[in-house]
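Numbering (my numbering), first residue to last: 663 to 1009.
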Ligand code: KG4
Ligand code: ZN
């Protein structure tokens, strides 16, 4: 018998993502983004994002069904992001998912967006081994997870105490006068710079942080250090060494993320590290984590970048894992949880 057909709905931020997955096979994945509408404000405007989800939902669903060549009636379960994310954006997706579940008489699974960023890797690289480490890095999140089992046992080892990795890049991008979002621009510039020319601080590393914040991140001190550095040079009327600033800053972030992720692998006795989230596109993080993982005998799994940014496939993949594991569906009266904890896989 064919495995169940899972519809995945993602609307936690500015992407309306809808996908269909059967087992670990992705049948279709369609995303509509409202980023162009936010870019001129230099950040996501929640009301604009919510309205965009409402406008895009039905066309995106129709396009997904058409691409997969399936009927809505053939769907066996509806999975939707229930948190964390923006309250209005999440509410549009969860309301639509409830309506579909009720109308079709199919089970509803409200799931954790961050864990979806890890689950999507199963569609590309196969089953995630039990007892893996997950690193989710994006514009909104930087979390280090212990993945006992992707469907039933996830624990947060650490997270950012202030800015997310991508957010720090976007803020430094603003300081350097780059267009929003600045992350990819800094990445590009950093490759022309000398990463050892300027040594920026590493957040929450070593010394007194060793125990309490061993797996937590902090990037706001780094951002302030970059701001002070730029101010200092500007006060002296010196031209900014933009590529070296970009390289030194990228090095600090990639160093901390990769060091903490591999330390978690070592303490947890794990040989698999799965990385997800839009920031995993960062070239210095990829290089450094690959190099250090090789030395440590750890296998690094990073899905192609189109699966790392927010999409419906990640939610369908997690839904599929839940159904496979025999997890009970959510109740139809679930609400959204903007700060959903990481030990909650299914609301
Ligand atoms: O996952 P994502 O598409 O959106 C969410 O935040 O949910 O991640 C986008 C973030 C932005 O902050 C963007 O600047 C950053 O990831 N980003 C990068 C790179 N590509 C995207 N940051 C540094 N280097 C990159 N290559
Ligand atoms: Zn995300």
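Virtual Cβ for every residue (Gly too), placed ideally from N, Cα, C.
Whole-angstrom distance between residue 676 and residue 695, CA atom to CA atom
Roughly 6 angstroms between the two C-alpha positions.
Assigned exposure category for residue 987 - 16 Cβ within 10 Å defines buried
By the 10 Å Cβ count, residue 987 comes out exposed.
Give the single residue among 738, 685, 752 and 665 whose Cα lies nearest to the Cα of residue 679.
A check of alpha carbon separations from residue 679 across 738, 685, 752 and 665 identifies 752 as the nearest.
How big is the Cα-Cα spacing for residue 849 and residue 865?
So the alpha carbons of these two residues sit roughly 19 angstroms apart.
Taking the DSSP output, what are the residues bridged to residue 1008?
Here residue 1008 is bridged, per DSSP, to 773.
Could you check how far apart the C-beta atoms of residue 980 and residue 781 are, in whole angstroms? I think they sit under 8 angstroms.
Rounded to the nearest angstrom, the Cβ distance from residue 980 to residue 781 is 4 angstroms, consistent with a contact under 8 angstroms.
Any chance the stretch 782 to 796 sits against the stretch 955 to 971, with 3 or more Cβ pairs inside 8 angstroms?
Cβ pair count under 8 angstroms is three or more, so yes.
Would you check if the stretch 852 to 867 and the stretch 808 to 819 touch, i.e. whether three or more CB-CB distances between them fall below 8 angstroms?
Touching, no.
For residue 929, the first and last residue of its enclosing alpha helix (DSSP H)
Taken as a continuous stretch (DSSP letters only), the alpha helix (DSSP H) holding residue 929 covers 904 to 930.
Please state the DSSP three-state secondary structure of residue 896.
Three-state DSSP puts residue 896 in a helix.
Quick one: is the Cβ of residue 800 within less than 6 angstroms of any heavy atom of the ligand ZN?
Checking the Cβ of residue 800 against the ligand ZN gives yes.
Short Cβ contact (7 angstroms threshold) for residue 742 with residue 750:
Contact: no.
Secondary structure at residue 997, three-state DSSP: helix, strand or coil?
Judged by DSSP in its simplified three-state form, residue 997 adopts coil rather than helix or strand.
Through-space distance from residue 722 to residue 728, alpha-carbon basis
C-alpha separation (whole angstroms): 10 angstroms.
Element boundaries [beta strand (DSSP E), containing residue 811]:
Segment 804 to 811, the beta strand (DSSP E) holding residue 811.
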